[in-house]
Amino acid sequence: MNGTTLSRPRPMANAWGTLHSFFGELRREPLGFIGLMLIVALILVAILAPWIAPYSPSRQSLSEVLQPPSVAHWMGTDEFGRDILSRLIWGAQITMRTVLSVTAIVGPIGLLIGVTAGYFGGRVDAVLMRITDIVLSFPSLILALAFAAALGAGLGTAIIAISLTAWPPIARLARAEALIVRNTDYVAAARLYGASNLRLLTLYIAPMCIPSVVVRLTLNMATITLTAASLGFLGLGAQPPMPEWGAMISAGRRFMLDQWWVAVMPGFAILFTSLAFNVVGDALRDVLDPRHTKN
Amino acid sequence: MTDTKEILTVQNLDVTFARSAMKAVAGVSLSLGQGKVGIVGESGSGKSTLGRAIMRLLPPSATVTASKLTFDGNPLLSQSEREMRALRGNRMSLIMQDPRYSLNPVLPIGRQVAETAILHKGLSKSAARAVAAEMLDRVRIKDVARVMESYPHQISGGMGQRVMIAAMLLSRPRLVIADEPTSALDVSVRGEVLELLNELVTADGSSLLLISHDIRMVASFCDRIVVMYKGRIVEELSRLSDARHPYTLGLIAAMPDARHPVHRLRVPDRATFDATERSGSPA
Amino acid sequence: MASNSETSVAAAWGGRIGQLVLSLFALIAVTFVIGRLLPTDPVGAIVGELASPEAYAAMRERLGLDQPVVVQFGRYIWNLLHGDLGVAALTGRPVTEDLALAFPATLELATLAVIISFVLGVPLGLAAALNRDSWIDQFARIISLVGHSIPVFWFGIVGLVIFYAGLGWVGGPGRVDVYFEGLVPSVTGMILIDTLLAGETEIFWNALSHIILPALMLAYAAMAYITRMTRAFTLEQIGQDYVTAAKAKGASPARLLFRHILPNISVQLVTILAISYGGLLEGAVVTEIVFSWPGLGQYMTSALLIGDMNAVLASTIMIGVVFMTLNFLSDIAYSMLDPRTQEKR
Ligand SMILES: Nc1ncnc2c1ncn2[C@@H]1O[C@H](COP(=O)(O)OP(=O)(O)OP(=O)(O)O)[C@@H](O)[C@H]1O
Ligand SMILES: [Mg+2]
Chain X
1 MNGTTLSRPR PMANAWGTLH SFFGELRREP LGFIGLMLIV ALILVAILAP
51 WIAPYSPSRQ SLSEVLQPPS VAHWMGTDEF GRDILSRLIW GAQITMRTVL
101 SVTAIVGPIG LLIGVTAGYF GGRVDAVLMR ITDIVLSFPS LILALAFAAA
151 LGAGLGTAII AISLTAWPPI ARLARAEALI VRNTDYVAAA RLYGASNLRL
201 LTLYIAPMCI PSVVVRLTLN MATITLTAAS LGFLGLGAQP PMPEWGAMIS
251 AGRRFMLDQW WVAVMPGFAI LFTSLAFNVV GDALRDVLDP RHTKN
Chain W
1 MTDTKEILTV QNLDVTFARS AMKAVAGVSL SLGQGKVGIV GESGSGKSTL
51 GRAIMRLLPP SATVTASKLT FDGNPLLSQS EREMRALRGN RMSLIMQDPR
101 YSLNPVLPIG RQVAETAILH KGLSKSAARA VAAEMLDRVR IKDVARVMES
151 YPHQISGGMG QRVMIAAMLL SRPRLVIADE PTSALDVSVR GEVLELLNEL
201 VTADGSSLLL ISHDIRMVAS FCDRIVVMYK GRIVEELSRL SDARHPYTLG
251 LIAAMPDARH PVHRLRVPDR ATFDATERSG SPA
Chain F
1 MASNSETSVA AAWGGRIGQL VLSLFALIAV TFVIGRLLPT DPVGAIVGEL
51 ASPEAYAAMR ERLGLDQPVV VQFGRYIWNL LHGDLGVAAL TGRPVTEDLA
101 LAFPATLELA TLAVIISFVL GVPLGLAAAL NRDSWIDQFA RIISLVGHSI
151 PVFWFGIVGL VIFYAGLGWV GGPGRVDVYF EGLVPSVTGM ILIDTLLAGE
201 TEIFWNALSH IILPALMLAY AAMAYITRMT RAFTLEQIGQ DYVTAAKAKG
251 ASPARLLFRH ILPNISVQLV TILAISYGGL LEGAVVTEIV FSWPGLGQYM
301 TSALLIGDMN AVLASTIMIG VVFMTLNFLS DIAYSMLDPR TQEKR
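Protein chains in written order, with the UniProt record's numbering: chain X, 1 to 295; chain W, 1 to 283; chain F, 1 to 345.
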């Protein structure tokens, strides 16, 4: 029994093996599987936008201003006669870029802070978690607004502003995981072999925390999508000619009572995107936590 | 073993949990008159499941079937939930393992004991409190007034289990199922709690189904011992010395005996039991 | 023994208050830093581009911008503690006055929303947990999944399109119809209460028809969260031994729910209440824009767009203080309501 855990472990393989089995199990959760397919479809749409969008997202046509959904324009046209569907397809690129950038910033930062706090404990832990709690207690959307306002509106600023307040939950989670992992036999064994702190942290503890961090990051993606859209809506994210979904809603708001589709269509894109992330995150959590399994 | 009047009759009881291929309890038959019957078996052998099946307290994921399951003249499996409620806590009771979990953490002790009186004696709150106080006194709790105001985390485990006994025996049930009532307690108070349970059950003329891991304790305490393994009854004895089934012998050997200390306890050998089971010999 | 645990209780409270003060301080520090990150030149903005270098320097000195950063920060806090948040370029009035007008409107909206979300969310969560995997559980799951995923500002627009423009069931943007505007004296700043105080029932109903849609839309996201958490808390309790013990005593499902489970999750529900309240204040920021609701969110975003940092930072601090205080209060409630954290008498 103990032989396997105490023999020289391959933590990377372990952690990713667990993660792999998550995705395997995901197929048994029909809703989660649909969500995953949706995300894959969204990524494909984002990548293939130049080829699949029926029109250019910026092609204006004054003769086709504010047209309702039709065969030529499935989702209608906006106030400049631009095809809304094409703009949504191109907008997927912006959303995906925002979500992935924030995740790529927040994941490693949260993991680093959490694992360091959990592994070293004591004063390091106290200070890091105090800071985490403080940032966690901030109203994040408001702060993101203030940051974006100060740094000047734009997609880059929005990404930074969201990242600044999105890391604490990841750090807390990584810390909790690290606290468990650091007491396991195989870490103790590695310590006996004389592994250094740095080595233990990066090769033994951090990788074990990755699966649950990934789940949390997936759930976070829904929030990021929504926050990014809110910033866009408030005029603080990607700027107008760019087909950012939130900004499109904001522009369409002027016509909402008569030409409802201008403001309403982009909302569906946001809703389905964050719904997909939420569903996948939920399914991953169900698979991860057997207490939640059904039937 | 000839009981004058049967209180509980179980015939061919099966319990299956959804998604699990194996029966947690399989073909169990037993009958109980006035007296004390012990059920022993290793962890996972289905003892608690059997106890809860009798009380019909298993989660909805469990399917219970039996050719006969009668308690005090009532066919339990065809009772409505409302009828069962009138029996539970009134004519049949369940004492669980750990008072730290089986007492509601945010209710004062007094209210938890009085609850039985409110539910089954139709008493007002204050009258129920008085009955609860009396009952707490019967389980030898000193300073009853203070304990009644306390919350479960403020009393010790031994006291908690006595409170639980008070709540469950308040309406003098015909049948008491005690599911490892002492195994979560400190060794120093186990004897005391068991003694108390014995005394009350005897005084009230209730029957007791005592579930335990400890075959020697059960042997010294009960009139009859039922040995369970993998959901089945493998043997029913009135004295340890009658044991023939290798599993029972294994259980006996695995428990330390103060009178015959051994250097090393035996680890039961599973292959032998399973072989005996398959060939279907002693029962 | 007693004095020992008393000191530990005091220490725990001290720790919490310390954390709150620290958080508030950090928030103020962050807003100060944000204020200094501004690419715009505050001196130039006041004196104009054509001002002489002397006038420029004089204004710079007057604004205290020639002082070291630490001194400026000290002054910032000092002013803050004296309720001096500067003048809003947006309105030309002291920011404090603006906030005093805007805050009650937001508070009213968020309070109504939190009540709605609680009244709907808790029973739905309980019903879902008690009937696990039934249709109601599935329904609750979908409701809360969508609620977690819906952009609240868009939901508001859809609501307006359907219920105001389409069906005409509710009032439109704003707090009352235009011809009622300014008729009721402001006492609390909350229009539902003010109209009742003034005995203006007609305006009250009109105001209610205006607030109900934004409140419902805003409540939905919070309700999604409350439903989900209530369900999780309840499921956790249902598996506990004390619930089985109560069943073994013969307790009915209603009794189990109201006498056993609810008292055990009430503390957690209070925490959730405080957290949702804070979240609603944030959500109000975007909802207010859609519904032209003259609250903090509307004020803050208007200020954002013209770069009025005094107003932006003051609103941030205001929302932050309320948000953090709510979290703090939920913490306190936790220790006051849960007997396990109380002292033995
Ligand atoms: N709620 C449940 N869902 C699924 N399986 C269950 C459930 N409760 C019990 N089981 C299964 O039924 C079998 C018998 O369990 P039971 O708790 O009755 O054993 P036990 O003899 O009381 O063990 P212990 O001595 O550990 O209390 C076990 O295999 C267990 O996994
Ligand atoms: Mg058991």
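Built from N, CA and C at the ideal position, the CB exists for glycine as well.
Legend entry - Contact list for Thr301/F against chain X, beta-carbon separation under 7 Å: Leu234
Inset, instruction - Can you say whether Val45/X is buried or exposed, counting buried as having 16 or more other CB atoms within 10 angstroms of its CB? - result: buried
Legend entry - Chain-ordered residues of the region 49-78 of chain X with a beta carbon less than 7 Å from chain F: none
Legend entry - Trp169/F versus Trp135/F, Pro151/F, Leu208/F, residue with shortest Cα-Cα distance: Leu208/F
Inset, instruction - Let me know if Leu124/F comes out buried or exposed under the rule of 16 or more other beta-carbons within 10 Å of its beta-carbon. - result: buried
Inset, instruction - Below 7 Å CB to CB, which residues in the same chain sit around Ala26/W once its five sequence neighbours on both sides are set aside? - result: Asp14, Gly231, Arg232
Legend entry - CB of Val262/X within 8 Å of CB of Glu79/X, strictly: yes
Legend entry - CB of Ile89/X within 8 Å of CB of Met265/X, strictly: no
Inset, instruction - Could you tell me whether the region 223-237 of chain X touches the region 146-160 of chain X, where touching means 3 or more Cβ pairs closer than 8 Å? - result: yes
Inset, instruction - Under the assumption that Arg175/F contacts Ala105/F (Cβ atoms under 8 Å), give the Cβ distance between them as a whole number of angstroms. - result: 7 Å
Inset, instruction - Tell me whether Asp179/W counts as near ligand 2, meaning its Cβ is closer than 7 Å to at least one heavy atom of that ligand. - result: yes
Legend entry - Proximity test, Cβ basis, 8 Å: Arg253/X and chain F: yes
Inset, instruction - Run the CB neighbour count on Asn131/F, radius 10 Å, all protein chains shown included, and call it buried at 16 or more, exposed below. - result: Exposure of Asn131/F is indicated by the presence of fewer than 16 other C-beta atoms within 10 angstroms of its C-beta.
Legend entry - DSSP state of Met190/F mapped onto helix, strand, coil: coil
Legend entry - Interface flag, Ser230/X vs chain F, CB-CB below 8 Å: yes
Inset, instruction - Check the Cβ-Cβ distances between Thr63/W and every residue of chain F, and say whether any is below 8 Å. - result: For Thr63/W, no CB of chain F lies under 8 Å from its own CB, so it is not counted at the interface with that chain.
Legend entry - The beta strand (DSSP E) enclosing Met242/X, as first and last residue numbers: In this chain, Met242/X is not harboured by any beta strand (DSSP E), its DSSP state being neither H nor E.
Inset, instruction - Can you tell me which of the three DSSP states Ala189/X falls into? - result: Residue state, collapsed to three classes: helix.
Inset, instruction - Could you tell me the distance, in whole angstroms, from the CA atom of Pro108/W to the CA atom of Pro152/W? - result: Approximately 7 Å, taken between the alpha carbons.
Inset, instruction - Can you tell me the Cβ-Cβ gap for Val290/F and Gly156/F, rounded? I've got them flagged as a contact below 8 Å. - result: 4 Å
Inset, instruction - Using a Cβ cut-off of 8 Å (strictly closer), state whether His210/F contacts chain W. - result: no
Legend entry - Beta-carbon neighbours of Glu282/F, restricted to chain X and to distances below 9 Å: Pro139, Ser140, Leu141, Ile142
Inset, instruction - Answer with yes or no whether the minimum CB distance from Gly194/X to chain F is below 8 Å. - result: Output row for Gly194/X: interface = no.
Legend entry - Candidates Tyr220/F, Leu256/F, Pro53/F: closest to Leu235/F by CA position: Leu256/F
Legend entry - Closest residue to Ile115/F among Ala251/F, Leu216/F, Leu197/F (Cα-Cα distance): Residue Leu216/F is the option with its Cα nearest to Ile115/F.
Inset, instruction - Evaluate the contact criterion for the region 140-158 of chain W versus the region 81-88 of chain W: three or more CB pairs, one atom per stretch, below 8 Å. - result: no
Inset, instruction - Given a cut-off of 8 Å, decide if Val184/F and Ala198/F are closer than it, judged by their beta-carbon atoms. - result: yes
Inset, instruction - Could you name the residues of the region 147-171 of chain F whose beta carbon sits closer than 7 Å to any beta carbon of chain X, in the order they occur along the chain? - result: Answer set for the region 147-171 of chain F: His148, Ser149, Ile150, Pro151, Phe153, Trp154, Ile157, Val158, Leu160, Val161, Ala165.
Inset, instruction - Output, in chain order, the set of chain F residues within a Cβ distance shorter than 7 Å of Trp260/X. - result: Neighbours of Trp260/X on chain F, chain order: Val161.
Legend entry - Exposure of Ala110/F, with buried meaning 16 or more beta-carbon neighbours within 10 Å: Per the 10 Å Cβ criterion, buried.
Inset, instruction - Take the Cβ of Gly143/F as the centre, count every other Cβ of all protein chains shown within 10 Å, and call the residue buried at 16 or more, exposed below. - result: Residue identity check: residue 143/F is Ile in the sequence provided, not Gly. Buried, because 16 or more other Cβ atoms sit within 10 Å of the Cβ of Ile143/F.
Inset, instruction - Confirm the yes/no value for this check: CB of residue 295/W, any heavy atom of ligand 2, distance under 7 Å. - result: Outside the shown range of chain W (1 to 283) lies residue 295/W, about which nothing can therefore be said.
Legend entry - Of the residues Gln11/W, Met135/W, Ser48/W, Leu170/W, the one placed nearest Thr70/W, counting alpha carbons only: Gln11/W
Legend entry - Identity of the residues DSSP links to Gly38/W by a beta bridge: Leu210/W, Ile225/W
Legend entry - Cβ pair count under 8 Å reaching 3, the region 27-39 of chain W against the region 55-63 of chain W: no
Inset, instruction - Determine whether the Cβ of Arg85/W lies closer than 8 Å to any Cβ atom of chain A. - result: Included in the structure are the protein chains X, W and F, with no chain A among them.
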